[in-house]
Amino acid sequence: MILIFLFLLIPQAHGHVSFLFPTARFPPLDYLDSTKTKAPCGVPRPPMPKYTNLQVGTVYNISWRMPFQHEGGYRINLLNKNGTLIEQLSPLDGMTFTPDEDGVTYERIRFTNPCENCILQLERQALEWSEVFLLYSCADINIVSMIPDKCNNNGKWVNDRCQCNKDHTGPLCQYRADCNTNDDCLNGGKCVKEEDSLIQKVCYCSYGYFGRRCQFISKLKSDDCFGYEELNDVKYESYGMFNPNCYNLHELNTDDRIYYRSIQNDVEVILDFASGGWVSMGWRPEGLDPSCRLFPDLEHSAPVPVFKREKRKSDAPPKYIEQEGPRPEMPRDNGFLPSTLRAPLHPMDCMDMVIGRFKNGRGRVEDSYSRDRSTPLEDYWYDGEMSLSAAYSLAHDGRTILMFRRMQQEIEPTDHPLGPSRVFVGWAKGPSMHLSYHGPKSRGVAYIDFTVPVKPSKPREDKAFGVHIAKNIFITPPPQDATKRVTTTQQPTEAETKPAPTRLFTSPKVADLDMEQDSGEREEEPPDEDQEEHLHHGHSHTHKEAQTDVVISPNCQIAIALTVLLVQIFL
Numbered sequence: 001m002i003l004i005f006l007f008l009l010i011p012q013a014h015g016h017v018s019f020l021f022p023t024a025r026f027p028p029l030d031y032l033d034s035t036k037t038k039a040p041c042g043v044p045r046p047p048m049p050k051y052t053n054l055q056v057g058t059v060y061n062i063s064w065r066m067p068f069q070h071e072g073g074y075r076i077n078l079l080n081k082n083g084t085l086i087e088q089l090s091p092l093d094g095m096t097f098t099p100d101e102d103g104v105t106y107e108r109i110r111f112t113n114p115c116e117n118c119i120l121q122l123e124r125q126a127l128e129w130s131e132v133f134l135l136y137s138c139a140d141i142n143i144v145s146m147i148p149d150k151c152n153n154n155g156k157w158v159n160d161r162c163q164c165n166k167d168h169t170g171p172l173c174q175y176r177a178d179c180n181t182n183d184d185c186l187n188g189g190k191c192v193k194e195e196d197s198l199i200q201k202v203c204y205c206s207y208g209y210f211g212r213r214c215q216f217i218s219k220l221k222s223d224d225c226f227g228y229e230e231l232n233d234v235k236y237e238s239y240g241m242f243n244p245n246c247y248n249l250h251e252l253n254t255d256d257r258i259y260y261r262s263i264q265n266d267v268e269v270i271l272d273f274a275s276g277g278w279v280s281m282g283w284r285p286e287g288l289d290p291s292c293r294l295f296p297d298l299e300h301s302a303p304v305p306v307f308k309r310e311k312r313k314s315d316a317p318p319k320y321i322e323q324e325g326p327r328p329e330m331p332r333d334n335g336f337l338p339s340t341l342r343a344p345l346h347p348m349d350c351m352d353m354v355i356g357r358f359k360n361g362r363g364r365v366e367d368s369y370s371r372d373r374s375t376p377l378e379d380y381w382y383d384g385e386m387s388l389s390a391a392y393s394l395a396h397d398g399r400t401i402l403m404f405r406r407m408q409q410e411i412e413p414t415d416h417p418l419g420p421s422r423v424f425v426g427w428a429k430g431p432s433m434h435l436s437y438h439g440p441k442s443r444g445v446a447y448i449d450f451t452v453p454v455k456p457s458k459p460r461e462d463k464a465f466g467v468h469i470a471k472n473i474f475i476t477p478p479p480q481d482a483t484k485r486v487t488t489t490q491q492p493t494e495a496e497t498k499p500a501p502t503r504l505f506t507s508p509k510v511a512d513l514d515m516e517q518d519s520g521e522r523e524e525e526p527p528d529e530d531q532e533e534h535l536h537h538g539h540s541h542t543h544k545e546a547q548t549d550v551v552i553s554p555n556c557q558i559a560i561a562l563t564v565l566l567v568q569i570f571l
């Protein structure tokens, strides 16, 4: 609890900026700052850089993403391959930084001289934190007299315009995309624009489908706990999606909760957050060594996998295969300053993460990795793959629900195990579909053991075989429509409400089981816990109470009390 409290109190200097065009140096991290990483770029120059070719005399829209607006301005510099300043491109009037009060994310720049194997550098102030604090991003570029391909090798020049491949978009095919049309998204998915994001067009998937192009679907069949195949308002108590008594519950606060259960070799997790936008959960082993920051390896030609991963063909535990050849050379610092490498891990460092969003009846679930405080990148950026075997998202009455299922143990470096003991957990949420700085009230940390068996539900003391017993001898009959439920495969509309669970007696009065003769007094009492829960979620039923009361004889009272006693003894 002390760790959680301190995390919420520490000022979080979250500043995010990264080039969109030209392409940012790999990996496209957006939290590279002068206090934790080495100038001029925050990440080392790769042995084989991916260059963007720009033409002398042509005006380009140099663009970047900046999810959080900072005080101060920006400047753009041209550096040689060693990081030495050649020319300041913006501002041109001799000012140190271009003032920016509106969150500008582009600048029109004309390159006047050739420059081979050069660096375009963006520096952004954050004066709200420090006058010397700078964020930076770099792109490796060639400025040439003539470029052979106007579409950045991501499309074809046809009829004086670029026709982009399905994985790029923009007038010069300069931006990344998972889709260009709805046809690129499988199984009923929709292609949605997300401008000013690293991936500018993404697929939102129908219920049960997931993956960058909605190409995956869970092979699980609906059971008494979760609707893997469709939503069912009758069968599943929570949102027509799942039954909470099948899961362990970890309450993060009054608004946000995590449900989880361990099933053979898998772990299933449900985030139920008060959020109209995105939700996320990350985890890492408790006590993970800070040297994890050296992954991924940014100093060598290509990431070196620690383990070879077999394709998952069953629920059997993954196999670890010894690496062949010499031990890989470890990176020296990956662009971090020595003080950063010695510092304790930040809650976002080295985190395996799952992020979910829901929009216009479809959802998007990402299997990601967070190296540092940058926006997490999906595992494929680091040669990983989708590790989830099931993924679902849903929005309901100002809440976003995300479910994912995965093997407890994983092999590839972008994954952390979800057991067999407790792990460090970080969670966050945001009000929009864009991953952005989420503020101190929308994040937190916890320790959770996801492999703890689910405790069986205890019988309530005020029930006999699931039936409420009246405190007084006057019992209200159930309403006529108490068993009506709506079954649907779509998200319930606001007009549809979920009835209270069916009971033989629906009186809110709870028995105290004393066997004294009833005094005839009828005191008004508050609803029981179940009714309060239904009222809280907007699923209460109103009905006219019956005018005629049913009288129970003393013998019946004794019989009911004995029944309750027997239930308590046997259970």
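Sequence positions in the sequence shown follow full-length UniProt numbering and run 1 to 571. Note that the Cβ used here is the ideal one computed from N, Cα and C, for glycine as well. Note that this is a predicted model, so its numbers are computed, not measured.
- In this model, E366 and M281 are separated by some 11 Å (Cα to Cα).
- W381 sits in a helix when the DSSP states are folded into three classes.
- According to DSSP, residue pairing for G282 in a beta bridge involves M353, G426.
- Remark: C-beta atoms of P27 and S18 do not approach each other more closely than 7 Å.
- For D256, the secondary structure class from DSSP, reduced to helix, strand or coil, is coil.
- Membership of S393 in the beta strand (DSSP E) is indicated by the continuous run 388-396.
- In the structure shown, L231 adopts coil according to DSSP, grouped into three states.
- Per DSSP, the continuous beta strand (DSSP E) segment holding L249 begins and ends at 248-251.
- Here DSSP, grouped into helix, strand and coil, assigns C292 to helix.
- Of F133, R25, V269, the smallest CA-CA separation from M407 is found for V269.
- Looking from the CA of L135, the closest CA among K190, P67, V425 belongs to P67.
- Straight across, the Cα-Cα distance linking R357 with I86 is about 43 Å.
- With respect to the 7 Å criterion, C41 and C118 are not classified as neighbours on the basis of their beta carbons.
- When secondary structure is reduced to three states using DSSP, K193 falls in the strand class.
- A residue is called buried once 16 or more other Cβ atoms fall within 10 Å of its Cβ, and Q264, having fewer, is exposed.
- When C-alpha distances from V267 are compared across Y247, P44, S275, the shortest belongs to Y247.
- Beta-bridge annotation (DSSP): Q125 is paired with L134.
- In this chain, R364 is not harboured by any alpha helix (DSSP H); it is covered by the beta strand (DSSP E) spanning 362-370.
- Restricting attention to P440, G444, R422, the CA atom closest to the CA of V452 is found in R422.
- In its chain, beyond the 5 residues on either side, T169, Y175, R176, A177, K193, E194 have a beta carbon closer than 7 Å to the beta carbon of Q200.
- The residue among N180, C214, G73 with its C-alpha nearest the C-alpha of S130 is G73.
- Remark: fewer than three beta-carbon pairs, one from each stretch, lie closer than 8 Å, so the region 337-356 and the region 45-60 are not flagged as touching.
- Separation of L32 and W64 (C-alpha to C-alpha, rounded to the nearest whole angstrom) is 14 Å.
- By the Cβ criterion, the region 388-405 is not in contact with the region 333-344, since fewer than three pairs of Cβ atoms, one from each stretch, lie closer than 8 Å.
- As summarised for the region 59-85, the continuous beta strand (DSSP E) elements at least 3 residues long and confined to that stretch are 59-65, 73-79, given in chain order.
- Pairing K455 with S442 gives a Cβ-Cβ distance that is not under 7 Å.
- Excluding sequence positions up to five before and after P290, its CB lies within less than 6 Å of the CB of L345, all in the same chain and listed in chain order.
- As DSSP reads the structure, P99 sits in a beta bridge with G73.
- Under the three-state reduction of DSSP, N180 is assigned to coil, being neither helix nor strand.
- Rounded to whole angstroms, the separation of the alpha carbons of A446 and D256 is 13 Å.
- The beta carbon of L298 sits closer than 8 Å to those of F26, P27, V43, P44, P46, P331, N334, G335, all from its chain and outside the five residues before and after it, given in chain order.
- For T340, the uninterrupted alpha helix (DSSP H) run begins and ends at 338-342, by DSSP.
- The residue among D149, C164, P148, I147 with its C-alpha nearest the C-alpha of G155 is C164.
- Checking the DSSP bridge columns, you'll see H300 has no partner listed.
- The alpha carbon of P244 has as its nearest neighbour, out of E128, R261, E101, the alpha carbon of R261.
- The continuous beta strand (DSSP E) containing G444 extends over residues 443-448.
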